[in-house]
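Trainee: After the structure tokens below, expect a handful of questions from me.
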Amino acid sequence: MLILSLAGVTKTFGGLVAVAGVSLGVERGQIVGLIGPNGAGKTTVFNIITGAVKPDDGHIFFSGRNLTGLRPHRIVALGIARTFQTIRLFPRLTVLDNVLSGCHCRLNSGVMASLLRLPSQRLEERLVLQRAMSELEFVGLAEVWSSPAGSLAYGDQRRLEIARALATEPKLLILDEPAGGMNEQETANLMGLVARIRDRDITVMLIEHDMGFVMRVCHRVLVMENGSLIAQGTPREVRSDPRVIEAYLGQGED
Amino acid sequence: MAHFIEQIIYGLTVGSVYALIALGYTMVYGVMKLINFAHGELFTLGAFIGFVFLGTLSWGSYFGPALAIGLTAILVAGSTALAGHFLERVAYRPLRHSDRLAAVVSALGASIFLQNVIMVVWGAQYRAFNASLLPTVVWRIFGQSVSLVRLFVFLTAVIIMLSLYLFINRTRLGLAIRAAAIDQGAARLMGVDVSRVIALVFVIGPALGGLAGLLVGIYYGQINFNMGQMYGLKAFTAAVIGGIGNIPGAMLGGLLLGLLETLADAYVSGAWKDALAFVALISILIFRPTGILPERVAEKL
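From first to last, the protein sequence lines stand for chains W and F.
Throughout, this note's numbering is defined as the position within the first sequence, counted from one, plus 47.
Throughout, this note's numbering is defined as the position within the second sequence, counted from one, plus 44.
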């Protein structure tokens with residue numbers, strides 16, 4: 048069953064065609080890699096899916112709903128969360144507060160309940176606190192919950208971004224270069240983490256330049272070049288596709 | 045010495061009012077990076093709405109002072125919040141994606157407009173509150189005379205500020221405001237409805253400013269259509285002293301400015317009071333534009 052599909056999505060910035068009529072589908076429960084040379088339009092595709100950028104043409108469907116033109120916080124509420132290529136935590140807030148900010152959209156209490164501290168709202172706050180702490184345990188950051196997010200090591204900040212995204216209770220998690228800047232040990236841990244996320248029935252879509260990572264973690268790989276999808280398939284199929292080798296693995300790598 | 049302590053009490057009272065108004069500037073700046081120049085007029089509006097119920101209708105003589113002030117406070121907060129919301133819709137929201145200077149010009153225009161509306165409705169002369177609203181009780185504390193009205197103004201302002209502080213720091217909605225103040229884009233992608241946060245800030249800030257107007261009316265007994273100009277400027281100064289965008293900073297800045305003013309009034313000269321307040325503003329802008337709080341405490345919002 049397709050959880051996400053794009054139909055003829057196009058986006059131009061000025062005269063530059065960033066995404067040119069991309070159509071793709073993502074199966075529920077899979078880990079899907081999106082690869083391609085720099086400037087191929089991968090991050091723009093992610094920005095379009097999450098509503099940060101509006102496409103000029105085409106449609107995005109998620110669990111049978113048309114997302115096209117919805118505002119970002121509505122898309123999050125429907126179940127798509129993301130992390131960023133360059134870390135965008137709230138550096139001055141604590142680790143826990145960062146994760147709690149992700150829980151925001153799952154709260155029902157309104158302004159008045161919050162101001163009056165009604166019992167229903169207090170119960171909700173307590174449950175949310177437990178959820179946030181369990182996400183921190185899931186990524187292994189529970190001990191540092193009270194530190195400012197900006198003080199964490201780089202790899203830990205990446206994991207905190209994942210915890211914050213998971214706190215929105217997504218059905219689809221989008222990771223933009225999750226292994227970027229990580230050392231080998233951290234990357235190995237990240238592979239385990241991504242697999243455990245998938246085990247929670249969360250579909251994962253990721254952009255990554257570390258080919259070893261992509262080939263080992265992903266069930267399917269999509270390849271973009273100059274704004275178009277040039278190949279897709281299992282890692283093995285993609286690796287042997289002549290167009291991909293020419294466009295991307297050109298130097299006979301692997 | 046006794047004189048000095050008396051000045052301190054005066055200063056804290058005036059300062060707590062500045063602090064209350066300053067919170068409105070600082071919250072809006074924190075989230076939108078915009079100085080809401082019409083904020084002083086929302087303060088004046090609060091004072092005049094208080095005047096309608098406590099002066100014109102003299103609710104104090106029907107309900108007794110406590111109930112009359114309580115009811116009036118709710119009506120003042122509600123109507124200035126509504127006015128603030130309307131202001132955001134009409135003057136700022138259409139300009140959210142345009143140049144920042146456009147929003148500043150719009151803010152100045154809104155300020156002039158509101159001031160003139162208040163003048164047309166209530167007239168250009170000074171209006172007097174019901175003078176005998178609060179009984180003129182004076183206590184002697186440590187040899188100092190402290191009047192009921194002064195204590196009332198100070199304590200009310202402090203209670204309102206503490207509630208705001210707890211709201212911002214202890215509730216999820218407060219967290220959404222803090223998150224939006226740091227990175228609107230990331231907050232949006234974490235499911236925070238940033239438009240709603242902005243609307244909320246434009247409801248809370250004006251409500252606080254309106255309540256400050258009511259307190260000034262009760263404290264000084266008379267109000268005027270352009271009083272918001274000077275109070276707005278002073279409160280803006282207080283917000284800058286504490287570091288604009290910083291909530292505890294605005295509270296501290298207000299109290300400090302109040303103290304500075306009354307001490308200048310008592311020991312230098314009344315004529316120099318305002319000049320010294322603005323010397324403080326200019327010095328902070330030149331030497332410590334992030335405000336007097338140290339970096340770690342000086343978190344935006």
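Don't be surprised by glycine CBs; every beta carbon is placed ideally from N, CA and C.
So that I know if they touch, is there some Cβ in chain F lying closer than 8 Å to that of W:L188?
Mentor: no
Trainee: I want to see whether chain F comes within less than 8 Å of W:E59, judged by CB atoms only; does it?
Mentor: Contrary to the premise, residue 59 of chain W reads as Thr rather than Glu in this sequence. It does not: the Cβ of W:T59 has no partner Cβ on chain F nearer than 8 Å.
Trainee: In chain order, what residues of the same chain have a beta carbon less than 6 Å from the beta carbon of W:R286, not counting five sequence neighbours either side?
Mentor: none
Trainee: Within 8 Å of any Cβ in chain A, is that where the Cβ of F:L233 sits?
Mentor: Here the protein chains are W and F, and chain A is not one of them.
Trainee: Since F:G68 meets chain W, which of its residues come closer than 8 Å, beta carbon to beta carbon?
Mentor: Residues of chain W passing the Cβ test: none, with the nearest at roughly 17 Å.
Trainee: Please check the pair F:A201 and F:V61, which I expect to be a contact at CB under 8 Å, by giving their CB distance rounded to whole angstroms.
Mentor: 6 Å
Trainee: When you compare the CB of F:L252 with every CB in chain W, is at least one pair closer than 8 Å?
Mentor: no
Trainee: Just verifying my parser: in three-state terms, what is the DSSP assignment at W:F137?
Mentor: Residue state, collapsed to three classes: coil.
Trainee: How big is the Cα-Cα spacing for F:P179 and F:K317?
Mentor: 30 Å
Trainee: Kindly indicate which three-state DSSP category W:F108 falls into: helix, strand or coil?
Mentor: strand
Trainee: Got a sec? Which residues, its chain only, sit under 7 Å from F:L299 by beta carbon, not counting five neighbours each side?
Mentor: L56, G59, S60 and A63
Trainee: Let me know the secondary structure DSSP gives W:A67 once reduced to three states.
Mentor: strand
Trainee: By how many angstroms is the C-alpha of F:V284 removed from the C-alpha of F:L329?
Mentor: Rounded to whole angstroms, F:L329 to F:V284 spans 8 Å at the Cα level.
Trainee: In terms of residues, what are the limits of the alpha helix (DSSP H) holding W:D144?
Mentor: V142 to C150
Trainee: Comparing the C-beta of F:R222 with each C-beta of chain W, is any distance below 8 Å?
Mentor: yes
Trainee: May I have the straight-line CA-CA distance separating F:G187 from F:A46, to the nearest angstrom?
Mentor: 8 Å
Trainee: Where does W:K101 land, buried or exposed, given buried means 16+ other C-beta within 10 angstroms?
Mentor: With fewer than 16 other Cβ atoms within 10 Å, it is exposed.
Trainee: Which one of W:L199, W:H266 and W:L176 has the shortest CA to CA distance from W:R283?
Mentor: W:H266
Trainee: By the criterion of Cβ-Cβ separation under 8 Å, what are the contact partners of F:V236 in chain W?
Mentor: H120, S148, H151 and C152
Trainee: At a CB distance below 9 Å, what residues from the segment 71 to 99 of chain W approach chain F? Give them in sequence order.
Mentor: T97, G98 and A99
Trainee: Measure the CB-CB distance between F:V96 and F:V245 and report whether it falls below 8 Å.
Mentor: no
Trainee: Whose Cβ in chain W lies nearer than 8 Å to the Cβ of F:A230?
Mentor: F131, R135, L136 and F137
Trainee: With a cut-off of 8 Å, does the C-beta of F:I288 fall near any C-beta of chain W?
Mentor: no
Trainee: Using DSSP bridges, identify the partner residues of W:Q168.
Mentor: None, per the DSSP bridge assignment.
Trainee: Near W:I134, which residues of its chain fall below 7 Å by C-beta distance, leaving aside the five closest residues on each side in sequence?
Mentor: Q204, R205 and E208
Trainee: Please report the distance separating the alpha-carbon of F:R133 from that of F:N160.
Mentor: 20 Å
Trainee: Please list the terminal residues of the continuous beta strand (DSSP E) segment that includes W:M271.
Mentor: For W:M271, the uninterrupted beta strand (DSSP E) run begins and ends at R267 to E272, by DSSP.
Trainee: When you compare each of W:I127, W:N113 and W:R112 to W:P119 by their alpha carbons, which one comes out closest?
Mentor: W:I127
Trainee: Between F:L111, F:V149, F:E85 and F:L233, which has its C-alpha nearest W:P217's C-alpha?
Mentor: F:L233
Trainee: Against W:V123, what residues of chain F qualify as contacts under a CB-to-CB distance less than 9 Å, listed in chain order?
Mentor: R232, L233, M234, G235 and V236
Trainee: Nearest chain W C-beta to F:T334 closer than 8 Å, yes or no?
Mentor: Chain W places no beta carbon closer than 8 Å to that of F:T334, leaving this residue out of the contacts.
Trainee: Can the beta-carbon of W:I78 be found less than 8 Å from the beta-carbon of W:V264?
Mentor: yes
Trainee: Please classify F:V312 as buried or exposed, where buried requires at least 16 neighbouring CB atoms within 10 angstroms.
Mentor: An exposed status is given to F:V312, since fewer than 16 other beta-carbon atoms sit within 10 Å of its beta-carbon.
Trainee: Where does W:T281 sit, in a helix, a strand or coil, going by DSSP?
Mentor: In the structure shown, the three-state DSSP call for W:T281 is coil.
Trainee: With W:T90 and W:R129 assumed to form a contact (beta carbons below 8 Å), what rounded beta-carbon distance in angstroms separates them?
Mentor: Not quite, the Cβ-Cβ distance comes to about 10 Å (not below 8 Å), so this is no contact.
Trainee: Decide if W:D246 is buried, meaning its Cβ has at least 16 other Cβ atoms within 10 Å, or exposed.
Mentor: exposed
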